[in-house]
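Accompanying notes for the structure given below.
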Amino acid sequence: MNFSTLTSQFGALTFDGLVLGAIYALVALGYTLVYGVLRLINFAHSEIFMLGTFGALLSAHAIGLNAESAPRSGLALIGTFLLVTIVAMAISGLAAVLLERIAYRGLRRRGAGRLTVLISAIGASLFLQEAVALWRGRNYETFPRFLEKEVWFTLFGADIRSDKVLILVSAALMMIALERFVSVTRLGRGIRAVAQNQDTSVLMGVNIDRVVTLTFLIGGLMAGFAGSLNQVYFEQTRFSIGIVLGVKAFTAAVLGGIGNLRGALLGGLVLGVVESYGAAIFGGSWKDVVAFVILVLVLMFRPSGLLGETLQKARA
Amino acid sequence: MKYLSSVTDAVGDRWRELPKATQRLLTVIFIAGIAVLPMVQIPLLDTPQTDFPSLLFDKIGLYVLMGIGLNVVVGKAGLLDLGYVAFFAIGGYTMAQIGTLLHWSFWLILPLGVVIAMSAGAILGLPTLRLRGDYLAIVTLGFGEIIRITAVNVDWLGANRGVPNIPWPAAIGPLNFEDILNPKPFYWVLLALIILVIWLLKRIDRSRVGRAWEAIREDEDAAELMGVQTLKFKLWAFSIGAGIGGMGGVLFASKVGFISPDNFPLTLSVMFLAIVVLGGSGNIPGVILGALAISYIPERLRGFSEYRVLLFGAALVIMMNLRPQGLLPRRIRGKVI
Amino acid sequence: MPNESTLLEFKNVTMRFGGVTALSDVDISVGKGEIAALIGPNGAGKTTVFNIVTGVYQPTQGEVRFKGESIVGKKRSEITRMGLARTFQNIRLFAEMTALENVLVGADAHSKSSVPGAILTLPRKRREEREAHERANELMSFMGISKQAHLLAKGLPYGDQRRLEICRALATNPEVLLLDEPAAGFNPVEKEILGEQIRAIRDRGYTVLLIEHDMSLVMGISDRVMVLDFGTKIADEIPSEIQRDPRVIAAYLGVPVDAS
Chain A
1 MNFSTLTSQF GALTFDGLVL GAIYALVALG YTLVYGVLRL INFAHSEIFM LGTFGALLSA
61 HAIGLNAESA PRSGLALIGT FLLVTIVAMA ISGLAAVLLE RIAYRGLRRR GAGRLTVLIS
121 AIGASLFLQE AVALWRGRNY ETFPRFLEKE VWFTLFGADI RSDKVLILVS AALMMIALER
181 FVSVTRLGRG IRAVAQNQDT SVLMGVNIDR VVTLTFLIGG LMAGFAGSLN QVYFEQTRFS
241 IGIVLGVKAF TAAVLGGIGN LRGALLGGLV LGVVESYGAA IFGGSWKDVV AFVILVLVLM
301 FRPSGLLGET LQKARA
Chain B
1 MKYLSSVTDA VGDRWRELPK ATQRLLTVIF IAGIAVLPMV QIPLLDTPQT DFPSLLFDKI
61 GLYVLMGIGL NVVVGKAGLL DLGYVAFFAI GGYTMAQIGT LLHWSFWLIL PLGVVIAMSA
121 GAILGLPTLR LRGDYLAIVT LGFGEIIRIT AVNVDWLGAN RGVPNIPWPA AIGPLNFEDI
181 LNPKPFYWVL LALIILVIWL LKRIDRSRVG RAWEAIREDE DAAELMGVQT LKFKLWAFSI
241 GAGIGGMGGV LFASKVGFIS PDNFPLTLSV MFLAIVVLGG SGNIPGVILG ALAISYIPER
301 LRGFSEYRVL LFGAALVIMM NLRPQGLLPR RIRGKVI
Chain C
1 MPNESTLLEF KNVTMRFGGV TALSDVDISV GKGEIAALIG PNGAGKTTVF NIVTGVYQPT
61 QGEVRFKGES IVGKKRSEIT RMGLARTFQN IRLFAEMTAL ENVLVGADAH SKSSVPGAIL
121 TLPRKRREER EAHERANELM SFMGISKQAH LLAKGLPYGD QRRLEICRAL ATNPEVLLLD
181 EPAAGFNPVE KEILGEQIRA IRDRGYTVLL IEHDMSLVMG ISDRVMVLDF GTKIADEIPS
241 EIQRDPRVIA AYLGVPVDAS
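Residue numbers (our numbering), protein chains in the order written: chain A, 1 to 316; chain B, 1 to 337; chain C, 1 to 260.
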């Protein structure tokens with residue numbers, strides 16, 4: 001154990017943890033939304049994220065982006081980021097909707113048990129992983145850098161770097177947009193209504209199938225967005241990248257209170273920061289263990305999470 | 001699928017209608033037949049990579065044992081364990097460490113490995129089994145990875161290099177385990193252990209414990225309101241399953257003589273789960289059938305083995321939608337007396 | 001009114017879910033050996049009472065006592081083993097188990113043997129197993145469903161499923177049996193028989209607390225009727241008085257009773 005790193009680099013660790021946490025939070029939103037509406041853990045959500053990273057990768061290839069091409073700036077930079085991100089979101093969103101159609105809808109209509117649904121989800125998860133592994137191989141593929149990773153200034157020992165700022169700012173904008181959508185629009189109200197009481201919502205004329213599709217779509221879009229950010233930050237991906245990240249994002253959702261949108265945000269950030277500290281104390285190879293231990297501790301002592309469960313009560 | 005299931009259903013019915021004595025006799029003949037399997041050379045059964053007798057221990061026999069163990073957790077009590085490989089690894093490392101460092105006999109380490117794995121199951125289960133079932137799935141998934149990461153990171157456990165020179169069991173009578181090319185002794189030990197485990201599980205199954213497990217699987221809240229101490233019985237199921245997994249790990253480590261974290265990947269947990277689900281959660285013949293399918297078919301179809309996980313994933317989705325009860329369902333109707 | 005023979009007692013119980021008050025300041029008592037009925041319009045809080053008694057919900061305020069001992073915060077399985085067992089409004093049998101096994105699960109409530117007992121076939125395990133079977137068989141013939149003992153619960157006709165639920169609850173050997181709409185979906189003849197059976201259950205020494213919508217059944221068998229309306233108790237009298245109680249009539253006029 002090594003606490004000196006933690007104290008000497010506290011600012012940097014915190015900042016990096018927040019960046020990581022923003023990605024966790026975006027993926028956690030998908031778990032939380034689906035759980036809020038269907039009371040089901042979308043086990044294959046980690047693969048939706050994984051597909052997003054490949055969406056970003058392939059679109060970058062498609063526009064001829066490579067490591068040698070000169071770092072872009074200004075409009076070209078923004079355009080590249082938007083394009084790559086939108087493709088990632090589109091692929092993840094589409095995949096999430098298809099996933100719901102194929103792996104969940106029939107079972108939901110039949111009122112199948114949890115175990116059945118979960119196994120179907122695991123099947124879908126394996127299928128997606130292997131499909132990508134067979135198609136792209138099992139090794140990491142590098143994502144071409146288009147944003148120069150430039151340190152602008154240092155604050156409390158933290159390097160305020162361009163890519164990290166991009167991740168934090170764009171993730172924040174995305175989450176504000178989502179919160180507005182769910183709390184203001186009619187479709188968002190549908191989601192909250194179904195989350196509160198499915199039977200009543202049907203009686204009130206809410207189309208459950210449409211709400212469920214929408215929920216998966218939003219979760220997928222967020223995961224795709226996270227996939228793109230993950231590429232910008234870590235610059236590599238492969239078929240199995242979703243597994244550990246999925247467990248962590250799920251941990252974030254549970255930590256914040258599953259079913260609760262703001263909880264997912266808070267849980268993601270807290271988890272990212274704690275993991276960053278944990279890696280400093282115990283060494284980087286143990287960082288995946290930190291998230292898991294947190295999950296077990298939360299489940300033991302506060303299973304409803306920091307902000308409590310349920311989608312309808314959180315005004316987000 | 002429809003056709004296959006009607007055949008398996010019919011076989012199950014016929015079996016249940018047989019008199020007890022006939023059932024016993026057939027079981028003895030069946031076991032004897034299984035025991036002499038490695039003595040007979042059936043070239044037809046050899047696979048491109050391995051001859052059939054070698055395959056009987058690893059993977060077929062081991063998969064049967066692991067399937068039976070996980071079935072207690074998933075099939076009987078309805079608890080979804082996605083990290084069953086963790087207990088296999090705990091058994092394996094118990095054998096490896098105690099065998100190489102303390103030079104204990106395999107025959108002592110075997111029960112010790114079971115006890116350690118059971119304790120690990122209880123320690124993991126106690127905080128998590130109180131919670132909703134789907135949380136358990138994620139926690140166990142994480143646990144499986146943690147055990148592997150620990151093995152990778154802890155130098156004392158051999159880290160990525162693994163642990164070589166794991167001792168084989170001391171000879172018992174004519175059974176000598178020293179000859180690596182002779183798979184028979186290990187196979188017979190494994191077979192004996194499988195029979196012992198099945199026998200013990202049958203006893204538990206026919207008691208209130210078996211009923212409590214089924215009740216929990218069917219409707220946990222209702223079970224608790226009928227006086228079933230759900231946590232206690234879930235813990236039993238979880239740790240019994242863990243113990244059987246540990247047993248498999250001890251056997252595996254002693255047989256192969258060398259283990260490393262690569263022997264315990266996440267996908268192995270998924271394969272074990274596949275055995276249980278494919279066979280029909282809850283009944284032992286189904287699990288054995290599932291283990292045969294999962295262990296043998298991919299070896300046979302080496303050409304397809306690249307696609308096996310893909311096909312398997314698709315099969316799970318299709319099966320849950322069309323025949324969630326598995327190949328050999330638990331029970332179609334009650335026993336007719 | 002509470003006296004020495006009071007078994008189950010609610011004192012000023014309030015139950016809130018978020019902003020909704022399901023029960024407000026409710027007093028209920030059930031005396032030994034009586035058949036007490038709990039009636040009221042839909043949503044009046046009847047099933048909430050059952051859920052509080054059996055430990056599914058913890059009351060927001062107030063006390064719940066069984067034989068003088070507070071049962072708030074106790075584990076559900078423990079409450080059942082103390083002597084309070086229930087049936088469910090929407091049948092919740094163990095669908096994939098046989099009828100007999102369903103009843104055995106109830107009868108197991110008082111068994112102490114566990115895995116070691118089962119593996120070693122200890123004498124205590126054998127005795128408990130025998131007693132559980134005896135009790136289960138006896139109860140099934142008492143409720144008239146012994147013929148179905150070896151059918152899967154999900155394969156039983158609807159009425160037998162309801163009767164099986166009563167068997168399963170009785171198998172736990174409760175002092176108070178809580179029946180949640182046991183006659184739902186029954187035809188008049190079946191209701192008649194059920195009424196007789198509930199009386200017979202009482203005559204065996206069980207105390208019964210009954211939630212039921214069917215007024216003829218309630219009035220026919222109950223010793224005392226409590227009426228809930230919007231989470232408050234508005235009457236607690238013998239059946240003949242209830243029918244004349246203006247508050248009860250008012251409560252039922254606004255909201256039609258779904259008397260079937």
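Don't be surprised by glycine CBs; every beta carbon is placed ideally from N, CA and C. Note that the coordinates shown come from a computational prediction; the quantities given were computed from them, not determined experimentally.
- In the three-state reduction of the DSSP assignment, ASN182 (chain B) falls in the coil class, being assigned neither a helical nor a strand state.
- Contact of MET226 (chain B) with chain C is assigned, a C-beta pair being separated by under 9 Å.
- In this structure, the beta-carbon distance from VAL114 (chain B) to VAL115 (chain C) does not fall below 9 Å.
- If you draw a straight line from the Cα of GLU275 (chain A) to the Cα of ASP179 (chain B), it comes to about 48 Å.
- Distance from the CA of LEU70 (chain B) to the CA of ILE275 (chain B), rounded to the nearest whole angstrom, comes to 9 Å.
- In the three-state reduction of the DSSP assignment, GLN198 (chain A) falls in the helix class.
- Below the 8 Å Cβ cutoff, chain B contributes LEU200, ARG203, ILE204 as neighbours of ILE119 (chain C), in chain order.
- For chain B, the residues of the segment 259-290 of chain A that bring a beta carbon within less than 9 Å of one of its beta carbons are GLY283, SER285, TRP286, ASP288, VAL289, in chain order.
- Distance check between SER228 (chain A) and each of A:SER73, A:ARG145, A:GLY284, A:PRO303 places A:ARG145 closest, using alpha-carbon atoms only.
- Judged by DSSP secondary structure, THR7 (chain A) falls outside any beta strand (DSSP E) and instead within the alpha helix (DSSP H) spanning 3-8.
- Look at the beta carbons and you see the segment 149-161 of chain A not touching the segment 74-88 of chain A: under three pairs across the two are nearer than 8 Å.
- Residue range 208-234 is occupied by the alpha helix (DSSP H) that includes THR213 (chain A).
- Contacts with chain B at 9 Å (Cβ-Cβ) include MET97 (chain C).
- Around GLN229 (chain B), the beta-carbon contacts reaching into chain C at under 7 Å are SER77.
- Here the alpha carbon of LYS11 (chain C) sits roughly 11 Å from the alpha carbon of SER70 (chain C).
- Per DSSP, LEU273 (chain B) is one residue of the alpha helix (DSSP H) stretching across 266-279.
- When Cβ-Cβ separations below 9 Å define contact, ALA112 (chain A) makes contact with chain B.
- Under DSSP, THR6 (chain C) shares a beta bridge with C:GLY31.
- Under the three-state reduction of DSSP output, ASN321 (chain B) falls in the helix class.
- When secondary structure is reduced to three states using DSSP, ASP236 (chain C) falls in the strand class.
- Distance check between GLY64 (chain A) and each of A:ILE281, A:TRP135, A:PHE143, A:LEU6 places A:PHE143 closest, using alpha-carbon atoms only.
- Contact between the segment 100-112 of chain B and the segment 167-179 of chain B is present: 3 or more CB-CB pairs across the two stretches fall below 8 Å.
- Legend: CB atoms of the segment 196-224 of chain C lying less than 8 Å from CB atoms of chain B are not found in any residue.
- As the crow flies, the alpha-carbon of ILE91 (chain A) is around 16 Å from that of ILE102 (chain A).
- DSSP places LYS46 (chain C) in the helix class (H, G or I) of the three-state scheme.
- Taking a contact to require three or more Cβ pairs closer than 8 Å, the segment 256-275 of chain A and the segment 12-20 of chain A qualify as touching.
- By the CB criterion at 9 Å, TYR24 (chain A) and LYS248 (chain A) fall inside the cutoff.
- Look at the segment 177-248 of chain C and you find these whole runs of alpha helix (DSSP H), each 4 residues long or longer: 188-203, 215-221, 239-242.
- Of B:ILE240, B:LEU311, B:GLY279, B:ASP155, the smallest CA-CA separation from PRO111 (chain B) is found for B:ILE240.
- With a 10 Å radius around the Cβ and a threshold of 16 neighbouring Cβ atoms, GLU129 (chain C) comes out buried.
- Inclusion of THR14 (chain C) and PRO59 (chain C) in the CB contact set at 9 Å is warranted, their separation being smaller than that value.
- Within 10 angstroms of the beta-carbon of ILE201 (chain C) lie 16 or more other beta-carbons, which makes it buried.
- Cα atoms of PHE127 (chain A) and GLN229 (chain B): separation of roughly 38 Å, rounded to the nearest angstrom.
- Contact check for GLU220 (chain B) against ILE243 (chain A) fails: the beta carbons are separated by 9 Å or more.
- The C-beta of GLY290 (chain B) comes no closer than 9 Å to any C-beta of chain A.
- For PHE52 (chain B), the nearest beta carbon of chain A is not closer than 9 Å to its own beta carbon.
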